[in-house]
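**Q**
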Amino acid sequence: MALVDQAVVSGASFLSTVVVGRYTSPDQLGMYSIAISLLITSTNIQDSLISQPFTIRLNRPLGTQAEHGGSSLAHSALLSAATFVALALAVLILLAGDADRQILAITSALACVVPFALLREFGRRFAFAHMQFAQALMLDAGVAGIQLAILGWLGWTGRMSAAAACIGLGAARALFGIPWLFMARQNFSIRLDQLWAAMNQSWGLGKWLFASQLTVSIQAYATYWLLALVVGTTATGIYSACMSIVLFANPMLLGFGNILTPKAVKILKEQSGAGLCRYAVRSSFLLGAGMALFCGVVAFAGEDILHFLYHGKEYEGQGATIMVLAFALMITALGMPASNALACMERADAIVWAGLFAAIVNVALALCLMVKWGIHGAAYGFLAGSVIGSAGRWIALLRLAPSYDSATEASLTGPDNETSMMVCVLQRVFRDTDAEDWVFERLDQGEQASVYLVRSRNGKPIWRTHRSLAVKLYKPAMAPNFGAVRAQFEAMSRIHAALHGNKISGWKISTPAPVYLSEWPLAIVMTAVPGRKLNLCLEAASDVTPEVLESAPRAVVAAMRQYWWINSHIHGDLDFNNILCDISARRLSLVDPGVPEEQPFPENITTHWYPASHDLAYMLYCTGVTVKENVGRPRALLRKQVFAENALRSFIETIREHGEKRRLLDEVQACAQHHLDGLASPWSVRGVWRALVKKIARRRIGLVLARLRNEMDRMGGVA
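Here this note's numbering is used: the first residue of the sequence shown is 32, the next is one more, and so on.
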């Protein structure tokens, strides 16, 4: 069914080009072709960044299946809006520049068509993801029929132009895309509070999928560019004609690709990495058999087909070139199942590196061989790149699949299954609740634990008046001892009792209330608090004004002072990842208090200003060592440094005596240095990197403390 669907789509595209070419001039056909290439580019971007991540994470959604679909639909709508705005701006620029009317018309038409083209493609991919191939065929057949009917009418009535043809394509997609969306609306539930997290999750995988498409495009088109530069444009044209014969296999490959990914996702869920490898091998044999038949046809009739379609003596004697290109395409097809399997395992980075190496080999060999053998040399260079690319993907799959089984499978299907552990914990808290009523949403993941948000499917309160709870679930292999977790549970109780609900400097302070401590599975159940990580807020800077950088640190320190003075309790992990912020609502949430280190600070570090000096030093240390995250983002780094410096400054201002201020800064510097000393490691690449980070952090921390000391000296010690 998927192969029939792809035949319908490819056939409609081919016939549309023929109709436009028949009823318009070559320049109109050229503009139409450029417009179609832009439409294809936009749908490819959507496929890489949105549709493929949606399909691959279909069995591991963020929230419910409807929310997973709703987030992807919203992302598609945002991409449509961004593309529309970009094209609308292009239209305005063309109007201001008095551009050619035909270019203006085709650009305006594209702006109108893109949203509907992306909607149709989204619907098609959504159907493929759920293996509803009949639904995809109905959608595509309907669009193809209306599209060809409109184009035929335009040609018959003499109204055909590139812009009119594009409008016809858009109308066909709108006539079927909008009704499809209405009928499928129950599959989508858009939660605005989930869009950003879903976008980050989709981008994490999508950026590699998009990069892999770029490497494939570079490998495919580099030969054209090199031939034009080295041999000439005539050779490029002949090579293009030979490749067009080989690309008759494209509908089969694309149709097979529409089946590969959703089936691979299903098999990965049911049979894990080993089963996925077996499926990839079977698919490779099936694809290889189909392409072998195609190569046989090309060997027998390829040159005759070339002469039938392209007239001229320069096209004679290219049978060997066509055969080499067909064999290269077969080799590429053999690597497709491995590529899909790697994507399903969320190791698209391996696809990128294999594709990049293949592109380099292709360019290098093609450049060397075409100098001596011209078009034949270029074809052999393309073949070599295809062999390297497919081999690289298979090597990566065979190496990564066992590690996926040993690491990932255990977390998905074994006794340490996080979902099963979550259910086990929650059933102890809510003994009369069915596990099917809960929705789990992962908020964060660290080395030791994952943090989930739990809510009911019906939207009713899950505990007292709370509609959601947070669960910090420790990983069995990395979990601390139960005593340390119990100490953290008690610290959460203290900080909640001391600070929750306070309003300081215009900011409302929130802290999670601990609800339940589970010894096995090791977990803490707590109330949820608002905001996103302060680290992310400072990086985004959308609402981070100078006033926020002044008032928020003061509020944090003022709140922590109330906690520090309660029996000298330390937070223990006070950094920008454990402070949540909602700038628009003026909310600050303090989460994840730690416990004192098992190895105490050296005796030469005074504790006169403990615990404040230790918590503030840790915040300063964490700001100083964030090197890799801030490369190329100097403003984000500056905002973090300003926040940490203002926090320390606001605490200094509460001290009256100049000597005590000095003592505090000395204590902070000593504590920060103690943390930096912990970065020492044996000689290695990692050790060199840590040494560099340590040097950069020491300089940053020293500059902050020097500025504060200079301020105190100028003020003469007056508080």
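Quick reminder that beta carbons are idealized off the backbone N, C-alpha and C, glycines included.
No experiment lies behind these values; they were computed from the predicted model shown.
Report all residues from its chain with a CB closer than 7 Å to the CB of residue 455; omit the five preceding and five following residues, and keep chain order.
**A** Answer for residue 455: 552, listed in chain order.
**Q** What are the start and end residues of each continuous alpha helix (DSSP H) run of 4 or more residues lying completely inside the segment 168-206, in chain order?
**A** Those alpha helix (DSSP H) runs which fall completely within the segment 168-206 and span 4+ residues do not exist here.
**Q** Under 9 Å between the Cβ atoms of residue 204 and residue 178?
**A** Yes.
**Q** Does the segment 385-403 touch the segment 245-257, meaning 3 or more C-beta pairs lie closer than 8 Å?
**A** Verdict: yes, contact present.
**Q** Nearest CA to the CA of residue 633: which residue from 703, 271, 724, 673?
**A** Measuring from the Cα of residue 633, the nearest candidate turns out to be 703.
**Q** Checking the sheet assignment: what are the DSSP bridge partners for residue 302?
**A** BP columns for residue 302 are empty, so no partner.
**Q** How long is the line joining the alpha carbons of residue 447 and residue 507, rounded to whole angstroms?
**A** Unreliable positioning characterises residue 447 in this predicted model, as indicated by a pLDDT of 43, which lies under 50. A coordinate reading is not provided.
**Q** Can you tell me where the beta strand (DSSP E) holding residue 469 begins and where it ends?
**A** 469-476 is the extent of the beta strand (DSSP E) around residue 469.
**Q** My understanding is that residue 530 touches residue 674, with C-beta atoms under 8 Å, so please give their C-beta distance in whole angstroms.
**A** The pair is not a contact, with the Cβ atoms about 19 Å apart (cut-off 8 Å).
**Q** Return the residue from the list 520, 184, 131, 561 that minimises the CA-CA distance to residue 614.
**A** Looking at the Cα atoms, 561 is the closest of the given residues.
**Q** I'd like to confirm the pairing. Which residues does DSSP put opposite residue 497 in its beta bridges?
**A** Paired residues: 494.
**Q** Looking only at its chain, what residues have a beta carbon closer than 8 Å to the beta carbon of residue 744, apart from the 5 residues adjacent to it on each side?
**A** Excluding positions up to five away in sequence, the list is empty.
**Q** From 316, 575, 187, 639, pick the residue whose C-alpha is nearest to that of residue 617; which is it?
**A** Cα-wise, what sits closest to residue 617 is 575.
**Q** Can you tell me whether residue 138 is buried or exposed, with buried defined as 16 or more other CB within 10 angstroms of its CB?
**A** Residue 138 comes out buried.
**Q** Given a cut-off of 9 Å on the beta-carbon distance, is the pair residue 240 and residue 142 in contact?
**A** Contact flag unset, no.
**Q** Using alpha carbons as the reference points, say which of 741, 608, 640, 402 lies closest to residue 625.
**A** Comparing Cα-Cα distances from residue 625 to each of 741, 608, 640, 402, the minimum goes to 608.
**Q** Taking the straight line between their C-alpha atoms, what separation do you get for residue 517 and residue 548?
**A** Their backbone Cα atoms lie some 7 Å apart in a straight line.
**Q** Smallest Cα separation from residue 433: which of 341, 367, 492, 305?
**A** Closest by alpha carbon: 305.
**Q** Would you call the segment 250-266 and the segment 278-286 in contact, with 3 or more CB pairs under 8 Å?
**A** With a cut-off of 8 Å, the segment 278-286 and the segment 250-266 do not count as touching, because too few Cβ pairs lie within range.
**Q** DSSP has residue 558 in a bridge; who is on the other side?
**A** Paired residue(s): 500.
**Q** Once DSSP output is grouped into helix, strand and coil, what is the label at residue 539?
**A** Note: residue 539 maps to strand in three-state DSSP.
**Q** In the DSSP assignment, find the unbroken alpha helix (DSSP H) run with residue 583 in it and report its ends.
**A** Looking at the DSSP string, the run of the alpha helix (DSSP H) that includes residue 583 is 577-595.
**Q** For residue 471, decide whether its Cβ has a neighbour in chain D, counting only Cβ atoms nearer than 9 Å.
**A** The structure shown has no chain D; it contains just one protein chain.
**Q** Measuring straight from C-alpha to C-alpha, what distance separates residue 679 and residue 621?
**A** Those two C-alpha atoms are separated by around 17 Å.
**Q** What are the partner residues of residue 150, as DSSP defines its beta bridges?
**A** According to DSSP, which records beta bridges pairwise, residue 150 is partnered with nothing at all.
**Q** Compute the beta-carbon to beta-carbon distance between residue 151 and residue 122, rounded to the nearest angstrom, for a pair I have assumed lies under 8 Å.
**A** That pair is no contact at about 23 Å.
**Q** Sorry if obvious, but does the Cβ on residue 639 come closer than 8 Å to a heavy atom of the ligand FAD?
**A** Only the bare structure without any ligand can be found here, which leaves the ligand FAD out of the picture.
**Q** In whole angstroms, give me the CA-to-CA distance for residue 671 and residue 659.
**A** For residue 671 and residue 659, the distance between alpha carbons rounds to 14 Å.
**Q** Can you name the start and end residues of the beta strand (DSSP E) that residue 486 belongs to?
**A** Start and end: 480-487.
**Q** Using the C-alpha atoms, what's the distance from residue 572 back to residue 695?
**A** In a straight line, the C-alpha of residue 695 is about 31 Å away from that of residue 572.
**Q** Go through the segment 342-428 residue by residue and report every complete run of the alpha helix (DSSP H) that reaches 4 residues or more, in order.
**A** The qualifying runs are 350-375, 379-404.
**Q** With a 10 Å radius around its C-beta and 16 neighbouring C-beta atoms as the bar for buried, classify residue 564 as buried or exposed.
**A** Buried is the call here.
**Q** Measure the alpha-carbon distance for residue 666 versus residue 406 and round it to whole angstroms.
**A** About 51 Å.
**Q** Between residue 424 and the rest of its own chain, which residues show a CB-CB distance below 7 Å, the 5 nearest in sequence each way excluded?
**A** The residues are 366, 369, 370, 373, 382, 385.
**Q** Since residue 157 contacts residue 201 with CB under 8 Å, what's their CB separation in whole angstroms?
**A** Contact flag wrong, Cβ pair sits at about 20 Å.
**Q** Would you grab the beta carbon distance between residue 353 and residue 276 for me? Rounded to a whole angstrom, and I think it's under 8 Å.
**A** Confirmed, Cβ separation roughly 5 Å.
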